[in-house]
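FYI, in the numbering used here the residues of the sequence shown are 4 to 444. Each remark here refers to the structure printed beneath this line.
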Amino acid sequence: MAAEHAISETLMDEVSAWLKQASLKSTDLETVIRGCCERLAATGLPLKRINISLSILHPLYRAMGFTWRRGEGLKVEGYRHVEPGQEKDDQLTKSPYYQLIHNGLDHMRRRIDADCTPEFPIFEDFKKEGITDYLAFFLPFGEDSGQGIVGSWSTDRADGFNESEIAALLRIQGRLAVAARVAVLSQLAGNMLTTYLGNGAGQRVLSGQIQRGDGETIRAALIMADMRGSTAIAEQAGRQVFIDTLNQFFDAIAVPFSEGGAEILSFLGDGFLAVIPCARHRGPSEIACRQALAAAHNAVARMGQLNERRKSENLPEIGYGVGLHVGNVMFGNVGLKERLTFSAFGQAVNEVQRLEGLSKKYKTPIIASDEFALYSGGEWNMLGTEILRGTDYDMKVHAPLAGKGAVSDYVPASMARELTDAERLILLHRDTGVFQRRKAS
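Below, the structure is given as structure tokens:
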């Protein structure tokens, strides 16, 4: 096992230097992991499989994992949060990683004998791959932090890893952890801004629009939606039931707009404001308004399904209204010097809010301005003429004719791209169009 398995210290130093440069350049996480794996393989290390998993701060995902295999490249997956009351994944609790972390171990090495009963279920899969030696590690991000990086190196060489190879891997994993940590923090900033501000607004802030007053005037289709009777639900059902009801409402009514191309800028108590930006010409305005109208019809359909389900569970129906408008809005930062919000403001925003309120008066779930109805096409019922509060001019208001909804025109954005927005936030993933479902390593 001597000279033929010797590791080049020079080549290992080159991998370490590359990881250092990746940290300084804030290289994205996938590039860090992929680059490290390929460079380690290029040194001559007999690596068959590498797995790296990191805990992350994200509303949908608790961790993300990368699995590299010789000759196959890198695969990526996201691990969703365990919902309250949901049992832990049995594959996780019976994995080497769980034992490693649960017992406070820095490393775990296991030789995998093809003729012996495997210690962990996943070793059965490793045996099929011909893996003979497995070295796992855990590096926490801080003493009191629940976050960290966990990984494993595997080989299919008959005599497994030798001491110099193990020493080289132990040396490189610290540098990898630093580079991965920097990449995670950089991605975390984007995750948080996108989660709390919306994708477009978050990207604007990341690009430098961070001072009070930064922004621009844009044209957009505007959507305002609101839940009815929320105060009574909160008082009668209690805090947790109200929060659950509110989330059900948003899942039903907001998702079609989010998937239909709208950017939800803010949740206002039991309602939300969304925009579909468009150019200042008739064609783009028509496209944006038709997108908004198709999403509104689907939101009504989803709310109908939700209320049917609630009715079967002896729960009260959720009332709601949706206002639709189109116009110019100011899009940017306002607030205190030390505490800002990024949203849309202006007369058109005030008008769409007033329009949504009129849905109560006219007892219709969708109500739109004359301009929106003109741009969106379709068949409309003119409800009347209103002078909206804060304006001094007449505005004709409309409701879609019953049975004339453009539900079939609605194509969720997630169907038109490889990954959903939430997945794009945490993964810079170009090899596959969907997450690879793999067992916990």
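Even for Gly, the Cβ is constructed at its ideal location relative to N, Cα and C.
- The residue among Y323, Y378 and G393 with its C-alpha nearest the C-alpha of K364 is Y323.
- When DSSP assignments are scanned along the region 253 to 295, the uninterrupted stretches of beta strand (DSSP E) that are 3 or more residues long and fall wholly within it turn out to be 266 to 271 and 274 to 281.
- Contact check for A282 against R222 passes: the beta carbons are separated by less than 8 Å.
- In the assembly as shown, I55 is a buried residue. Its beta-carbon has 16 or more other beta-carbons within 10 Å.
- Remark: C-beta atoms of I321 and T367 do not approach each other more closely than 8 Å.
- Three or more beta-carbon pairs separated by less than 8 Å link the region 102 to 109 to the region 129 to 146, which places the two stretches in contact.
- The bridge partners DSSP lists for W383 are P403.
- Ranked by Cα distance from A299, the first of I369, H284, D254 and Q176 is I369.
- Taking a C-beta distance under 8 Å as the contact criterion, L43 and L50 qualify as a contact pair.
- Burial check for N250: the Cβ neighbour count within 10 Å stays below 16, so the residue is exposed.
- Bounds of any alpha helix (DSSP H) do not take in P143; it lies within the beta strand (DSSP E) bounded by D136 to P143.
- Counted as a single uninterrupted DSSP element, the alpha helix (DSSP H) harbouring L358 occupies residues Q350 to Y365.
- According to the DSSP assignment, G151 belongs to no alpha helix (DSSP H) but to the beta strand (DSSP E) extending over G151 to T158.
- Here the C-alpha atom of L358 lies approximately 29 Å from the C-alpha atom of R242.
- Inter-residue distance for L404 and N301 is about 15 Å (C-alpha atoms, whole angstroms).
- Looking at F245, I226, D229 and A228, the one whose alpha-carbon comes closest to that of A235 is F245.
- Taking a cut-off of 8 Å on C-beta distances, the region 177 to 189 touches the region 19 to 39, as three or more cross pairs fall below it.
- Apart from sequence neighbours up to five positions away, the residues of its chain that approach V352 with a beta-carbon distance below 6 Å are V332, ordered along the chain.
- Taking all protein chains in view, the Cβ of A277 is crowded by 16 or more other Cβ atoms within 10 Å, so the residue is classified as buried.
- S372 carries a strand assignment under DSSP once its states are collapsed to helix, strand and coil.
- In the DSSP assignment, no residue is bridged to K23.
- Relative to A402, the option among F348, T388 and D254 whose CA is nearest is T388.
- When the five nearest sequence neighbours on each side are left out, no beta carbon in the same chain lies closer than 7 Å to the beta carbon of Q24.
- Scanning L271, L188, S155 and K399 for the CA closest to the CA of F144 turns up L188.
- R113: member of the beta strand (DSSP E) spanning H110 to R114, first to last residue.
- Excluding its 5 nearest sequence neighbours in each direction, F270 has no C-beta neighbour in its own chain below 6 Å.
- Just so you know, the alpha carbons of Q350 and L391 end up roughly 11 Å apart.
- Each residue's CA atom was taken as its position, placing F123 and G76 some 25 Å apart.
- About 19 Å separates the CB atoms of R305 and S379; that is not less than 8 Å, and the two are not in contact.
- In the displayed model, S58 falls within a strand according to three-state DSSP.
- From the listed residues A183, F126, D128 and D159, the smallest Cα separation to G151 is found for A183.
- The DSSP-derived three-state label of G38 is helix.
- The DSSP-derived three-state label of L377 is helix.
- In this structure, the straight-line span from the alpha carbon of T30 to that of A170 is close to 26 Å.
- Nearest in C-alpha terms to R285, of all of G47, Q102, G330 and A371, is G330.
- Per DSSP, the continuous alpha helix (DSSP H) segment holding F126 begins and ends at P124 to E132.
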